[in-house]
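Residue numbers (UniProt numbering), protein chains in the order written: chain V, 1 to 288; chain S, 1 to 294. Every residue, glycine too, gets a C-beta built ideally from N, C-alpha and C. The structure under discussion appears below in the form of structure tokens.
Written out as structure tokens, the structure is:
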């Protein structure tokens, strides 16, 4: 007992308390936008329009969500259709990106073939290119391939993610080459090495890539705006941005508050699930 | 002789197999990359040397050479002004982000109870700072700090400082959340950097009688220079591709404008891209020299 107290005493020195207090203050400050988002979604109308805006809600209500569930664009496409589209697209796209980028990352890291440095250079450069600027050529490619108004147009453009491949390669670089070489000497095929060694060992990177991809796909508005002409093929993110235009008057604000939280929640859940692994990957791929 | 030949042949076959497997694994990604990244980017480069307009049944191209670039640079005053204001902002924000994240990383690297939870909070923005989420938050109005209005901090600042300093202070304060939110990855990279410095060096310098202050400047800081460079690069890329960026707004608005056309907008984009590359190479060059001079 006495020992424990003494140990605690030793841990809590004055500078340490200052440190903790300071970090807590900055941490709370950083969390403000998220707290705001959560509270905003449950505010009744009069609080939504309060000026100056308050962070905390005083009389929480589910009304915003009820309205959102019952809402539809011009009475034609219900809210749930957008939700369904978003769920299907982000699930498939995330799985596909993980597969494709792990494969590419594996050979980029552990295999010899031509143009390897060139591919890495391309990846690095395309990380810097803002995707907004190539919207029209992309549109032409998509419509040229006849992919307009299909789920493929939602999924395929994300497959070639330079960021995912970059992270994967950096992570797989950490796996010692002797491991794959030993497996090869024992007669393992590439497919076997890939599924039995690489995939299990890259689990943290897979977590990271899946968060990043999920987010990019789930929040993507461009695809729905440019490549989809049918309202039934558009996603929740599009619906969220179009809300302000489609719904007249005050109702839009309460819908926007609720949809803001819905757009945000899956990301937060994924983060809480994968947080530890994600930090691990970033630590690995940041240093090199 | 014969066996030599056979061995060569075997090596050749082995090589080809290895290459083949490499290409095979690369293939799905390469196809996607070619179709949806490389080809569109190349096309937009080609477009930037053309004037093109939407006609019935497709585009009409006219080769104009560097004309578009000239027009963007010399005629469009809006583009230049926005570019300069953007650069001014970045000159302030980048060092702020770097210093802030360095400081926080230094603190998070200490041992104290609850460090894991604290780290998680500071890494939270890493995920959410991917543009769209921030955008979502901003359209919700969460970006501006409500307390600035609530406690009338703006007025207090204006009262106590002269006009120039007050304006920039308010500007920085209103972007405080952005600065915080944009330092997540940087903090992470710095912490990773701190861990590359072996503990024995600190022990050695302490035995030699150096104060913590000295050991920071003599050991920690020099070892961190490459990471500062890396972070500077990351920050520049991040801020330049930020979807709220006014330049990207100008580019997209020009894309569909009937007077300028897509070729013109492409030229703008490429000019912007060239500028980013220039900035990056300057930063990389500086870091390289700093590490080499050591």
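The alpha helix (DSSP H) enclosing residue i, as first and last residue numbers
i             : result
residue 213/S : 212-215
residue 190/V : 190-193
residue 211/V : 203-218
residue 116/V : 116-128
residue 238/S : 221-240
residue 66/V  : 63-70
residue 90/V  : 79-110
residue 40/S  : 39-48
residue 95/S  : 77-108
residue 228/V : Segment: none, residue 228/V is in no alpha helix (DSSP H) and carries neither H nor E.
residue 160/V : Premise fails: residue 160/V is in no alpha helix (DSSP H) and is neither H nor E.
residue 180/V : 177-185
residue 143/V : 135-144
residue 114/S : Segment: none, residue 114/S is in no alpha helix (DSSP H) and carries neither H nor E.
residue 21/V  : 14-41
Chain V within 8 Å of residue i, Cβ atoms only
i             : result
residue 213/S : no
residue 40/S  : yes
residue 44/S  : yes
residue 142/S : With a pLDDT of 47 at residue 142/S, under the threshold of 50, the modelled position of that residue is not reliable, and the figure given next carries that caveat. Residue 142/S counts as touching chain V.
residue 49/S  : no
residue 224/S : no
residue 291/S : no
residue 37/S  : yes
residue 288/S : no
residue 132/S : Only weak support is given to the placement of residue 132/S: the predicted model assigns it a pLDDT of 48, under 50, and the value that follows is read from those uncertain coordinates. Chain V, which has a Cβ nearer than 8 Å to the Cβ of residue 132/S, makes this yes.
residue 121/S : yes
residue 64/S  : no
residue 180/S : yes
Per-residue burial, residue i [other beta carbons within 10 Å of its own, 16 or more giving buried]
i             : result
residue 47/V  : buried
residue 161/V : buried
residue 16/S  : exposed
residue 64/V  : buried
residue 113/S : exposed
residue 288/S : exposed
residue 157/V : buried
residue 123/V : buried
residue 30/V  : buried
residue 220/V : buried
residue 270/V : buried
residue 229/V : exposed
residue 118/V : exposed
residue 218/V : buried
residue 170/V : buried
residue 204/V : buried
residue 191/V : exposed
residue 353/V : With chain V covering 1 to 288 only, the question about residue 353/V has no answer from this structure.
residue 59/V  : exposed
Cβ of residue i within 8 Å of any chain S Cβ
i             : result
residue 89/V  : no
residue 177/V : no
residue 236/V : no
residue 201/V : no
residue 134/V : yes
residue 20/V  : yes
residue 190/V : yes
residue 217/V : no
residue 81/V  : no
residue 137/V : yes
residue 209/V : no
residue 169/V : no
residue 77/V  : no
Short of 8 Å Cβ to Cβ, which residues in the stretch 87-112 of chain S face chain V?
104, 107, 108, 110, 112
On the three-pair Cβ rule with 8 Å, is the stretch 83-96 of chain V touching the stretch 19-26 of chain S?
no
May I ask you to list, following chain order, the residues of the stretch 6-35 of chain S that have a beta carbon less than 7 Å from some beta carbon of chain V?
18, 19, 21, 22, 23, 25, 26, 28, 29, 32, 33, 35
Taking 8 Å as the cut-off, does the stretch 140-149 of chain V touch the stretch 74-88 of chain V (at least 3 CB pairs, one atom from each stretch)?
no
Check whether the stretch 97-106 of chain S and the stretch 216-236 of chain S touch, using three or more Cβ-Cβ pairs below 8 Å as the test.
yes
Segment contact, 8 Å Cβ cut-off, at least three pairs: the stretch 169-185 of chain V with the stretch 58-76 of chain S:
no
Short-range partners of chain S found in the stretch 154-167 of chain V, where Cβ spacing is below 8 Å:
156, 157, 159, 160, 162, 165
Could you name the residues of the stretch 119-131 of chain V whose beta carbon sits closer than 9 Å to any beta carbon of chain S, in the order they occur along the chain?
119, 122, 123, 125, 126, 127, 128, 129, 130, 131
Under 8 Å: do the stretch 100-120 of chain V and the stretch 151-171 of chain V share three or more Cβ pairs, one atom per stretch?
yes
For the stretch 61-72 of chain V, enumerate the residues whose C-beta is nearer than 8 Å to any C-beta of chain S, in chain order.
none
At least three beta-carbon pairs within less than 8 Å, the stretch 209-227 of chain S to the stretch 275-286 of chain S
no
Could you please tell me which residues of the stretch 22-36 of chain V, in chain order, have their CB closer than 8 Å to any CB of chain S?
22, 23, 24, 26, 27, 29, 30, 31, 32, 33, 34, 36
Quick one: which residues of the stretch 263-286 of chain S get their C-beta closer than 9 Å to a C-beta of chain V? List them in chain order.
265, 266, 268, 269, 270, 272, 273, 276, 277, 280
Which of the residues in the stretch 99-112 of chain V, read from start to end, lie with their CB under 7 Å from any CB of chain S?
100, 101, 103, 104, 106, 107, 111, 112
So, do the stretch 202-212 of chain V and the stretch 220-240 of chain V have three or more beta carbon pairs nearer to each other than 8 Å?
no
Are at least three pairs of beta-carbons, each pair with one atom in the stretch 117-126 of chain S and one in the stretch 178-197 of chain S, less than 8 Å apart?
yes
Quick one, which residues of the stretch 264-276 of chain V are near chain S if we go by CB-CB under 7 Å, in chain order?
264, 267, 271, 275
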